[in-house]
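Numbering (the numbering used here), first residue to last: 15 to 247. Let me begin by presenting the structure, written as structure tokens, before commenting on it.
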């Protein structure tokens, strides 16, 4: 019997080797798998490459992982925000490597990894420092730069509902990078707010099929004043 439900975050994440590439979902404050990030911090390991939309906020979540000196490199689109104190200090002191990648390219590079695509050409980044050292080809009168997939050892994503087969649905904007990150990793873990019986998820509404998910773990949630939900602390 297929049952991908884990009893704890630690069980869901399992062993994480030093030097692992970890894909972390979320955009701004939407869809960030806070409980899974905290679980990763507790699991130990170092020299990680983190792939995320940004480089952490304040001193919690990804920022706390960076602050502990556990990350060697970060691949992201928006590394500097008003409260990216930790990233800024580490990057300026040469303790953290940054690969700046446009948002669409991050999504497509991970989608390519999940789809088995060896490389692809895109016009995004042509003529900018982001294309330096990369192959550029003229196709149909327009220049395109060659980009390669991003393969993850581990993906941490936040969904809304899931079943024991690992099928997932998302809530509104919290969907963001979750679906493509889920396909690009060897071991994908999803936190969910609700676990339902098989058959309760309409097949037409399932966004991430369970074949891409190794473990799910239920994280209770509470409503916010703005009408959203957040993970219960």
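Each residue gets a CB set at the ideal place from its N, CA and C atoms; glycine is no exception. Just so we're clear, the structure is a prediction, and the values are computed from it rather than from any experiment.
So what's residue i in DSSP terms, helix, strand or just coil?
{"i": "residue 211", "result": "coil"}
{"i": "residue 97", "result": "coil"}
{"i": "residue 166", "result": "strand"}
{"i": "residue 21", "result": "coil"}
{"i": "residue 235", "result": "strand"}
{"i": "residue 225", "result": "helix"}
{"i": "residue 219", "result": "coil"}
{"i": "residue 103", "result": "helix"}
{"i": "residue 204", "result": "strand"}
{"i": "residue 119", "result": "helix"}
{"i": "residue 157", "result": "strand"}
{"i": "residue 149", "result": "coil"}
{"i": "residue 60", "result": "coil"}
{"i": "residue 51", "result": "helix"}
{"i": "residue 199", "result": "strand"}
{"i": "residue 79", "result": "helix"}
{"i": "residue 44", "result": "strand"}
{"i": "residue 176", "result": "strand"}
{"i": "residue 230", "result": "strand"}
{"i": "residue 140", "result": "coil"}
{"i": "residue 110", "result": "coil"}
{"i": "residue 89", "result": "strand"}
{"i": "residue 171", "result": "strand"}
For residue i versus residue j, is the C-beta distance shorter than 8 Å?
{"i": "residue 220", "j": "residue 197", "result": "no"}
{"i": "residue 203", "j": "residue 77", "result": "no"}
{"i": "residue 30", "j": "residue 59", "result": "yes"}
{"i": "residue 210", "j": "residue 177", "result": "yes"}
{"i": "residue 161", "j": "residue 129", "result": "no"}
{"i": "residue 90", "j": "residue 74", "result": "no"}
{"i": "residue 79", "j": "residue 51", "result": "yes"}
Suppose you measure from the CA of residue i to the CA of residue j; what does that come to, to the nearest Å?
{"i": "residue 120", "j": "residue 192", "result": "12 Å"}
{"i": "residue 205", "j": "residue 136", "result": "32 Å"}
{"i": "residue 140", "j": "residue 118", "result": "14 Å"}
{"i": "residue 215", "j": "residue 55", "result": "32 Å"}
{"i": "residue 225", "j": "residue 150", "result": "35 Å"}
{"i": "residue 199", "j": "residue 169", "result": "6 Å"}
{"i": "residue 44", "j": "residue 159", "result": "30 Å"}
{"i": "residue 48", "j": "residue 180", "result": "19 Å"}
{"i": "residue 175", "j": "residue 207", "result": "6 Å"}
{"i": "residue 67", "j": "residue 212", "result": "32 Å"}
{"i": "residue 105", "j": "residue 16", "result": "44 Å"}
{"i": "residue 109", "j": "residue 33", "result": "15 Å"}
{"i": "residue 53", "j": "residue 21", "result": "13 Å"}
{"i": "residue 18", "j": "residue 231", "result": "9 Å"}
{"i": "residue 93", "j": "residue 114", "result": "8 Å"}
{"i": "residue 122", "j": "residue 187", "result": "18 Å"}
Since residue i and residue j are thought to touch, with beta carbons under 8 Å apart, how far apart are those beta carbons, to the nearest angstrom?
{"i": "residue 65", "j": "residue 166", "result": "7 Å"}
{"i": "residue 125", "j": "residue 194", "result": "5 Å"}
{"i": "residue 228", "j": "residue 201", "result": "5 Å"}
Less than 7 Å between the CB of residue i and some heavy atom of the ligand NAD, yes or no?
{"i": "residue 192", "result": "The ligand NAD is not part of the structure shown, which contains no ligands of any sort."}
Could you confirm whether any beta carbon from chain C is found closer than 8 Å to the beta carbon of residue i?
{"i": "residue 181", "result": "Structure shown: chain C not included; a single protein chain is present."}
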